[in-house]
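Residues in the sequence shown are numbered consecutively from 876, following this note's numbering.
For reference, the structure discussed in these notes is given below.
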Amino acid sequence: HDTTIGAYLTVLGAKTMVLTDGGYPPYSAAILTEFYVDRRAGGTDEIFRVIYHDSEDADFRVITPYVEGCKDDFCPVE
């Protein structure tokens, strides 16, 4: 579990920004990637966001700005 989440964060380029406690996610950590179609202003662009929580008591937080090549909460799929 922790190695899978850690590896996924590494691929995204976000591991060092998200995991600050020795580089391993806690046991109850979870990461989700959500995909959307951006219909604002009549658009059809595919976008995504990545959310993460590090404990069952924590709310999910958006970590998309930490993903390599992304600067906002939502990022183009391309």
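By construction, the Cβ of each residue, glycine as well, lies at the ideal position given by its N, Cα and C atoms.
These figures come from a predicted structure and were not determined experimentally.
**OP:** Hey, could you find the ends of the beta strand (DSSP E) residue 912 is sitting in?
**Re:** Counted from its first residue, the sequence shown places residue 912 at position 37. 905-913 is the extent of the beta strand (DSSP E) around residue 912.
Original post:
Cβ of residue 889 within 8 Å of Cβ of residue 938?
Top reply: In the sequence shown, counting from the first residue as 1, residue 889 sits at position 14. In the sequence shown, counting from the first residue as 1, residue 938 sits at position 63. Cβ atoms of residue 889 and residue 938: closer than 8 Å.
**OP:** Apply the 10 Å Cβ neighbour rule to residue 951 and answer buried if 16 or more other Cβ atoms are within range, or exposed otherwise.
**Re:** Counting from one through the sequence shown, the residue named residue 951 turns up at place 76. Answer is exposed; the Cβ neighbour count stays below 16.
Subject >> residue 925 in three-state terms, based on DSSP >> reply: Against the sequence shown, residue 925 aligns to sequence position 50. If DSSP states are grouped into helix, strand and coil, residue 925 belongs with the strands.
Original post:
If we call anything under 8 Å between Cβ atoms a contact, is residue 894 one with residue 884?
Top reply: Here residue 894 refers to the residue found at position 19 of the sequence shown. Here residue 884 refers to the residue found at position 9 of the sequence shown. Yes, these two residues count as a Cβ contact at 8 Å.
**OP:** Pull up the distance between the alpha-carbon of residue 929 and that of residue 900, whole angstroms please.
**Re:** As a first step, residue 929 must be located in the sequence shown, where it is residue number 54. As a first step, residue 900 must be located in the sequence shown, where it is residue number 25. The alpha-carbon atoms of residue 929 and residue 900 are separated by roughly 7 Å.
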